[in-house]
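Student:
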Amino acid sequence: MHPKHLSLALLLLTATAATQAAERPNIVILLADDLGYGDVGFHGSDIRTPNLDRLASSGTVLERYYVCPMCSPTRAGLMTGRYPLRFGMMRSVVPPYRDFGIDPAEVTIAEMLGTAGYEHRAVIGKWHLGHRREKWLPLANGFTHAVGCYNGAIDYFTHERDGQLDWHRNGQPDRTDGYVTDLVGDAAIEFIESVPVDKPYFLYVPFTAPHSPFQAKDEDLAKYPNRKGKKRTYAAMVDCLDQNIGRILAAIDARGDADNTFVLFSSDNGGVAQVGDNGPLRGSKLTPYEGGVRVAAAVRWPAGGITGGGRIDEAMGYLDVFPTVMSVAGVAQTPTNELDGVDMLAAMRGGEPADPRPWFTYQDQGGGRQQKLAVHQGEWKLVAHRPAPDAKKGKSRYELFRIAEDPHETTDVAADYPEVVSRLQGSLERFFSWQAAEQVPRYDVGRDKLPPLTNWQPVE
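Structure (structure tokens):
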């Protein structure tokens, strides 16, 4: 057993291994990329998403599901149940030229489930947690099967990033032809069909869609003649995403154990400004406002009591996936396993709400050396724009919203409640005290230092 597994201190529920395998649910996590809060049918969109709508109507819509304002940090927190600030992956995404990745000392959800007896654990799609070294790749972090890209923003038709092929199957370049969203669907279905029916599986499907580059198939573009430019292409990409989610859900049905399959869907951050629709929410991707961090989400697990088309208004999010999946899988954790997330299974079933806790947002990936921060707890949300420690100048600006009454963040009441501002500022400082010594650099740092890797194969 790898040394870091010892830190889990997991206790399996008392039962024979055979009984556990037969009763333990399959676990499927579907992640969209840059999908706007308002770009699904169950939030009123005119983009066709019948499969996501059926998932929502047969399960539960998570109305206040929170993530980070950009890709890599959300994926890092989902994988670990911990704020990525703790291991250096919250400030920025991991660009192609970055020699940085997920800390091997972190325990991933795949490793936890492997320790708990899930033999079949796959990731299909966009990894985006480090790519220049083997230790950052999926097969070194608990997955038994991996198909997809290591970087973000690959070409949907050539599968290249910066002129090099970035599509891989279990660590080797894969030149399978096709549109990337369809390839993700194909590989996910292939994995589901490969698992023996008496064995539970874990399937993580982080789609690249509808993230740029904005590229779509002609047959999907034809469905949206009234949209123009990027918005038309984006709608077609969302449509194709939904089609492939439908294909995956059909494969789950065909296997015969859909009732005992926990399926969670969300986006990794809000939609891009001027392209995605974040509905009535303020802001977009890369902002700390609700439109950047509150996303469309739904969950279904009929055998576990998550069914019926309800809507849950309790705040939950990406950090809660790890502890919730532990609960779904029937795994107990000891207090030594320090997670920032909370088991939200009871809340997903419509039970008693969890104790209120602060939600922190942070990004500082731009060249302006400005931290964009937020802390949301109970009825209050503080948004902070302040110069980074290495900035030569700049002023801090704070906004306070009574988020329960003002979810669209239209009225700044900071001047009326200075004591609340002060208290939440203190919460932000405590949050930063968790920061690891080494943090991923800002996005543009070192852009010209590291050339693309051949076929994006790691150097060591």
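Numbering (full-length UniProt numbering), first residue to last: 1 to 460.
Heads up, the beta-carbon is just placed ideally off N, CA and C, and yes, glycines get one too.
These numbers were taken from a predicted model, which means no experiment stands behind them.
What three-state label does DSSP hand Arg-82 in the structure shown?
Tutor: Walking along the sequence shown from the start, residue 82 turns up at place 82. Residue state, collapsed to three classes: coil.
Student: Whole angstroms are fine: how far does the CA of Arg-48 sit from the CA of Asp-242?
Tutor: On the sequence shown, residue 242 is found 242 positions in, with the first residue counted as 1. On the sequence shown, residue 48 is found 48 positions in, with the first residue counted as 1. The straight-line gap from Cα to Cα measures roughly 8 Å.
Student: Quick check for students: name the residue ranges of the alpha helix (DSSP H) that lie wholly in the segment 334-411, counting only runs of 4 or more.
Tutor: Here the runs fully enclosed are 345-348.
Student: When you compare each of Phe-87, Gly-44, Ser-58, Gly-101 to Arg-300 by their alpha carbons, which one comes out closest?
Tutor: Here residue 300 is taken as the residue at index 300 of the sequence shown, counted from 1. Arg-300 has its Cα closest to that of Ser-58, out of Phe-87, Gly-44, Ser-58, Gly-101.
Student: My understanding is that Tyr-83 touches Asp-340, with C-beta atoms under 8 Å, so please give their C-beta distance in whole angstroms.
Tutor: Within the sequence shown, numbered from 1, the residue matching residue 83 stands at position 83. Within the sequence shown, numbered from 1, the residue matching residue 340 stands at position 340. That belief holds up - the Cβ atoms of Tyr-83 and Asp-340 are roughly 5 Å apart, short of 8 Å.
Student: Can you tell me whether Pro-458 is helix, strand or coil according to DSSP?
Tutor: Within the sequence shown, the letter at position 458 stands for residue 458. DSSP places Pro-458 in coil when its eight states are reduced to three.
Student: My output table needs one value for Gln-172: the three-state DSSP class, helix, strand or coil.
Tutor: Counting from one through the sequence shown, the residue named residue 172 turns up at place 172. Of the three classes helix, strand and coil, the one that applies to Gln-172 here is strand, per DSSP.
Student: Can you pull the DSSP bridge partners for Tyr-201?
Tutor: What you label residue 201 is simply residue 201 of the sequence shown in a count that begins at 1. Note: Tyr-201 sits in a beta bridge opposite His-120.
Student: Ala-332 by DSSP, collapsed to three states: which one?
Tutor: Position 332 of the sequence shown, counting from 1, holds the residue named residue 332. Of the three classes helix, strand and coil, the one that applies to Ala-332 here is strand, per DSSP.
Student: Can we say the segment 142-157 touches the segment 182-201, given the rule of at least three CB pairs closer than 8 Å?
Tutor: At 8 Å Cβ cutoff, the stretches touch.
Student: According to DSSP, is Asn-26 part of a helix, a strand, or is it coil?
Tutor: Here residue 26 refers to the residue found at position 26 when the sequence shown is read from its first residue. Looking at Asn-26 - three-state DSSP - the assignment turns out to be strand.
Student: If you draw a straight line from the alpha carbon of Gly-446 to that of Val-195, how long is it in whole angstroms?
Tutor: In the sequence shown, counting from the first residue as 1, residue 446 sits at position 446. In the sequence shown, counting from the first residue as 1, residue 195 sits at position 195. Roughly 43 Å between the two C-alpha positions.
Student: Pull up the CB-CB distance for Leu-52 and Ala-298, whole angstroms please, since I reckon it's below 8 Å.
Tutor: Here residue 52 refers to the residue found at position 52 of the sequence shown. Here residue 298 refers to the residue found at position 298 of the sequence shown. Confirmed, Cβ separation roughly 7 Å.
Student: Any idea which residues DSSP pairs Leu-264 with across the strands?
Tutor: Within the sequence shown, residue 264 is the residue found at index 264, counting from 1. DSSP output for Leu-264 lists Ile-29, Val-299 as bridge partner(s).
Student: Determine, using beta carbons only, whether Glu-134 and Pro-458 come nearer to each other than 8 Å.
Tutor: Looking up residue 134 in the sequence shown gives position 134. Looking up residue 458 in the sequence shown gives position 458. Against a cut-off of 8 Å, the Cβ pair of Pro-458 and Glu-134 comes out as a contact.
Student: From the DSSP output, in three-state form, read off Thr-60 for me.
Tutor: As a working note, residue 60 is residue 60 in the sequence shown. Strand at Thr-60.
Student: If contact is defined by three or more beta carbon pairs under 8 Å, each pair taking one atom from either stretch, is the segment 197-217 in contact with the segment 168-186?
Tutor: The answer is yes - the segment 197-217 touches the segment 168-186, with three or more Cβ pairs under 8 Å.
Student: Just the C-alpha distance for Asn-269 and Gly-276, rounded to the nearest angstrom, thanks.
Tutor: Taking the sequence shown and counting its residues from 1, one reaches residue 269 at position 269. Taking the sequence shown and counting its residues from 1, one reaches residue 276 at position 276. Near 11 Å, if we compare the C-alpha coordinates of Gly-276 and Asn-269.
Student: Taking the C-alpha atoms as reference points, what is the distance between Arg-91 and Cys-68?
Tutor: As a working note, residue 91 is residue 91 in the sequence shown. As a working note, residue 68 is residue 68 in the sequence shown. C-alpha separation (whole angstroms): 10 Å.
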